[in-house]
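Numbering (the numbering used here), first residue to last: 21 to 161.
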């Protein structure tokens with residue numbers, strides 16, 4: 021019988037062989053920022069050129085500090101790992117600081133993903149930026 025550990029080890033090996041760095045693999049396997057936020061201030065949705073879809077949930081406090089962010093994703097390992105890394109980069113930052121996060125910032129956190137998956141980083145960052153911009157439009161006077 022195949023155990024959960026064996027399945028994770030198999031996935032880890034396949035992703036490594038495909039060119040994913042250890043941080044990217046960990047983000048994909050752990051999926052620590054996947055899900056919804058019940059009392060989110062902003063929910064935004066974006067579809068990537070490859071068809072991957074992301075929904076971002078943002079919880080921002082009265083001082084414009086991002087308290088929490090979560091994604092729901094229908095997509096590949098590249099999309100999931102990029103989105104999880106993006107959340108780590110923006111949590112605890114102001115909305116303005118988070119809007120300065122770039123694809124390069126996320127790539128540095130992931131260390132490596134296959135070149136054919138770089139658009140996944142762009143989708144994660146664009147989805148985050150869309151959510152933050154829509155939040156600003158709706159909540160900032």
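Positions of the beta carbon are idealized from the N, C-alpha and C atoms, including for glycine.
Considered as a whole, the stretch 26-77 harbours 42-50 as its complete alpha helix (DSSP H) runs of no fewer than 4 residues, in chain order. A check of alpha carbon separations from residue 78 across 33, 89, 84, 96 identifies 89 as the nearest. Cβ-Cβ distances below 8 angstroms link residue 131 to 41, 42, 43, 44 in the same chain, with the five nearest sequence neighbours on each side left out; the list follows chain order. Here residue 137 is buried. Its C-beta has 16 or more other C-beta atoms within 10 Å. Non-local beta-carbon contacts of residue 125 in its own chain, meaning distances under 7 angstroms to residues more than five positions away in sequence, involve 109 in chain order. In the three-state reduction of the DSSP assignment, residue 137 falls in the helix class. Counted as a single uninterrupted DSSP element, the beta strand (DSSP E) harbouring residue 88 occupies residues 86-94.
Within the model, the alpha-carbon separation for residue 67 versus residue 74 is close to 6 angstroms. Nearest C-alpha to residue 104 among 158, 92, 83: 92. Nearest in C-alpha terms to residue 51, of all of 123, 145, 96, is 96. Residue pairing by DSSP puts residue 114 in a beta bridge opposite 85. Counting only residues of its own chain and dropping the five nearest sequence neighbours on each side, residue 34 has no CB closer than 7 angstroms to any other CB.
Within its own chain, the residues whose Cβ lies closer than 6 angstroms to the Cβ of residue 94, once the five positions on either side in sequence are excluded, are 73, listed in chain order.
Here the C-alpha atom of residue 106 lies approximately 8 angstroms from the C-alpha atom of residue 148.
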